[in-house]
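Undergrad: Same order as they appear, the protein sequences are chains A and B.
The numbering of the first sequence is this note's numbering, which starts it at 29 and goes up by one.
The numbering of the second sequence is this note's numbering, which starts it at 29 and goes up by one.
Virtual Cβ for every residue (Gly too), placed ideally from N, Cα, C.
Questions regarding the structure given below will be posed in turn.
Number of protein chains: 2
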Amino acid sequence: MAARPSGTSPPPAAHQALSPADGLAQLSFLIHSILERRAREHDLSIIQTRLLGVLRDRTPTMNELARLLDLDKSSVTGLVDRAQRRGLVARVPSTADRRAVLVSLTGAGRSLVSGGAARFEADISQLLELLPPSDRDALSGLISRLLVAHAADRGIDLFATIGTDGPGTGSPAATSH
Amino acid sequence: MAARPSGTSPPPAAHQALSPADGLAQLSFLIHSILERRAREHDLSIIQTRLLGVLRDRTPTMNELARLLDLDKSSVTGLVDRAQRRGLVARVPSTADRRAVLVSLTGAGRSLVSGGAARFEADISQLLELLPPSDRDALSGLISRLLVAHAADRGIDLFATIGTDGPGTGSPAATSH
DNA sequence: TTATTTAGTTTGTGCCACGTACTAATTTAG
DNA sequence: CTAAATTAGTACGTGGCACAAACTAAATAA
């Protein structure tokens, strides 16, 4: 319940700052919509984009995918179905567990997500250029610290169990809740 | 296309900071999910929540609502239908233009959004308590500045045309794009 | 007045998410 | 080593959400 989730403004005078809740809610919607617009260019929804993003450095089972995306497993079936139908991901039977199915990115899926990620990063750069360089760094740093603290707060996730070895098992924030 | 929209981590060493794009994307999903969880308590979706939030200090037409929420007007019809069916909003025929319909919050809708907003703010407070007080203020300030700059950048929105008079006409960020 | 634009709804399509019910494989008990 | 319980995944039905195209009614422009 955002104080003012969207295009609303209190009756404040010109340069008054937003409340933390308002600011975070609006920022969240802003980033969300930037992501959405980029994804749209490839006819991808946010959740499809997240799916591909997650698969960039993993080959999880359907079940793990559900946990990673914070979805019901029955939702993941359809999600992967649609991505597979478009040739973006593949289902590979697990050799270890004959019940399980591993989901992996296809070449097409990988190139799609790579290009998209690059453009999204460019969007973010451009957005951050609205701030003076020192503020940019400060903001990024603060956000990182907040996310790390939040992950640490609820579980020992974020960078735990991940040493320097490849794709980690730990699941950092964002999926949150 | 988030670099790593969700629960993913690069192969980074323990306390390495996230890239700006990663951080913003993850933060966005985090806030989004906090909002979602609170809304869920009242069986509200994010978009329903945004609808109620927008109506807190406006009584827009369907058309204005579409612009405010960045939706197609045909989408707004259904959105308002569902909210109206639950007694959260009302459709009031406009006296000025007999084609137009004004959408306003009912008492039930208002109390719902007020309570929800309070709880969301509490959630954000709690989240921000993970940072030292000085960092909290710094973060909020930077976010405000970024949002104001962004609004100014694309149009002259944010606090323009709004003096001290009540509910403004300008539509600030968040709806973005 | 006639033609055009504007406000809103209707209809049809597709994605997304959920809960429930089901099959098949695995694991645990006895 | 079977029998029971658990786990992985899918199928199905429901509903919200978003869009585009087609349509009605009112307002505005010609």
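1) Please report the distance separating the alpha-carbon of B:Arg114 from that of B:Ser153.
2) Which bits of chain B does A:Gln112 rub up against, with CB to CB less than 7 Å?
3) On the three-state DSSP scale, how would you describe B:Leu46?
4) Determine which residues of the segment 124-150 of chain B have a Cβ less than 7 Å from any Cβ of chain A, and write them out in chain order.
5) Is it a yes or a no for the segment 140-153 of chain A touching the segment 49-64 of chain B, going by three-plus beta-carbon pairs under 8 Å?
6) Should B:Gly122 go down as buried or exposed, given a rule of 16 or more other Cβ atoms within 10 Å for buried?
7) A:Leu116: which of A:Leu80, A:Gly169, A:Glu92 sits nearest, CA to CA?
8) Which residues, in chain order, does the segment 94-107 of chain B contribute to contact with chain A at a C-beta distance below 9 Å?
9) Tell me B:Val10's beta-bridge partners as DSSP assigns them.
10) What is the DSSP secondary structure of A:Thr87, reduced to helix, strand or coil?
11) Return the CA-CA distance between A:Val104 and B:Gly137, expressed in angstroms with no decimal places.
12) Around the C-beta of A:Ala124, are 16 or more other C-beta atoms found within 10 angstroms, so that it is buried, or is it exposed?
13) Starting from B:Ala166, find everything on chain A with Cβ-Cβ shorter than 8 Å and list it in chain order.
14) If you check the beta carbons only, do B:Leu175 and A:Gln54 fall under 7 Å apart?
15) If you count every other CB in all the chains shown that lies within 10 Å of the CB of A:Ser168, and 16 or more means buried, which is it?
16) Mind pulling the chain A residues with CB within less than 8 Å of B:Asp181?
17) When you compare only the Cα positions, how much space is there between A:Ser207 and A:His60?
18) Label B:Pro88 either buried or exposed according to how many other C-beta atoms from any shown protein chain fall within 10 Å of its C-beta, with 16 as the threshold for buried.
19) Would a C-beta distance cut-off of 7 Å place B:Leu93 and B:Val131 closer than the cut-off?
20) Looking at the unbroken alpha helix (DSSP H) that takes in B:His70, where does it start and where does it end?
21) Run through chain A and tell me which residues come within less than 9 Å of B:Gly115, C-beta to C-beta.
22) So that I know if they touch, is there some Cβ in chain B lying closer than 7 Å to that of A:Gln54?
23) So which of A:Asp85, A:Asp109, A:Leu63 has the shortest CA-CA distance to A:Thr77?
24) In the DSSP assignment, the alpha helix (DSSP H) including B:Leu174 goes from what residue to what residue?
25) Could you name the residues of the same chain whose beta carbon sits closer than 6 Å to that of B:Pro38, not counting the 5 residues immediately before and after it, in chain order?
26) Looking at B:Leu158 and A:Ala177, is the spacing between their C-beta atoms short of 7 Å?
27) Mind pulling the chain B residues with CB within less than 9 Å of A:Pro161?
28) Which of the three DSSP states, helix, strand or coil, is assigned to B:Ala145?
29) Which whole-angstrom value describes the C-beta separation of B:Arg126 and B:Val108, a residue pair presumed to lie in contact below a C-beta threshold of 8 Å?
30) Closest by CA to A:Ala111, which one among A:Leu133, A:Leu99, A:Ala180?
31) Check the C-beta distance from B:Leu72 over to A:Leu170 and give it rounded, since I have them as a contact under 8 Å.
32) So what's B:Glu92 in DSSP terms, helix, strand or just coil?
33) Verify whether the separation of the beta carbon atoms of B:Val141 and B:Met90 is less than 7 Å.
TA: To lay it out plainly:
1) Looking at the two C-alpha atoms, the distance is approximately 30 Å.
2) Those within 7 Å of A:Gln112 in chain B number zero; the least Cβ separation is about 19 Å.
3) Judged by DSSP in its simplified three-state form, B:Leu46 adopts coil rather than helix or strand.
4) The segment 124-150 of chain B vs chain A, Cβ under 7 Å: Val141, Gly144, Ala145, Arg147, Phe148, Glu149.
5) Contact between the segment 140-153 of chain A and the segment 49-64 of chain B is present, with at least three C-beta pairs closer than 8 Å.
6) Reading the sequence as shown, one finds Ser at residue 122 of chain B and not Gly. Exposed, because fewer than 16 other Cβ atoms sit within 10 Å of the Cβ of B:Ser122.
7) Checked all of A:Leu80, A:Gly169, A:Glu92; the closest Cα to A:Leu116 is A:Leu80.
8) If you check each beta-carbon in the segment 94-107 of chain B against every beta-carbon of chain A, the ones closer than 9 Å belong to Arg95, Leu96, Leu97, Asp98.
9) Beyond the ends of chain B as shown, which are 29 and 205, falls residue 10 of chain B; an answer cannot be given.
10) Note: A:Thr87 maps to coil in three-state DSSP.
11) Cα-Cα distance, rounded: 33 Å.
12) The residue in question, A:Ala124, is exposed, as its Cβ has fewer than 16 Cβ neighbours within 10 Å.
13) Within chain A, the residues near B:Ala166 are Ala166, Leu170.
14) If you check the CB distance, B:Leu175 and A:Gln54 come in under 7 Å.
15) When all chains shown are included, A:Ser168 counts as buried.
16) Ordered by position in chain A, the residues that pass the 8 Å Cβ test against B:Asp181 are Leu158.
17) Residue 207 of chain A is absent from the model: chain A starts at 29 and stops at 205.
18) Buried, because 16 or more other Cβ atoms sit within 10 Å of the Cβ of B:Pro88.
19) Result yes, Cβ atoms of B:Leu93 and B:Val131 sit closer than 7 Å.
20) Taken as a continuous stretch (DSSP letters only), B:His70 belongs to no alpha helix (DSSP H), as it is neither H nor E.
21) Result: empty, since nearest Cβ-Cβ is about 18 Å, beyond 9 Å.
22) Judged by the 7 Å Cβ criterion, A:Gln54 is in contact with chain B.
23) That would be A:Leu63, whose Cα lies nearest to the Cα of A:Thr77.
24) If you look at B:Leu174, you'll find it in the alpha helix (DSSP H) that goes 161-181.
25) Note that B:Pro38 scores 40 on pLDDT, short of 50, meaning its location in the model is unreliable and no value can be drawn from it.
26) Yes, Cβ-Cβ distance for A:Ala177 and B:Leu158 is below 7 Å.
27) Residues of chain B passing the Cβ test: none, with the nearest at roughly 12 Å.
28) Helix, per DSSP.
29) A Cβ-Cβ separation of about 18 Å leaves B:Arg126 out of contact with B:Val108 under the 8 Å criterion.
30) A:Ala111 has its Cα closest to that of A:Leu133, out of A:Leu133, A:Leu99, A:Ala180.
31) Contact flag wrong, Cβ pair sits at about 30 Å.
32) Per DSSP, reduced to three states, the secondary structure at B:Glu92 is helical.
33) One thing to note: B:Val141 has its Cβ no nearer than 7 Å to the Cβ of B:Met90.
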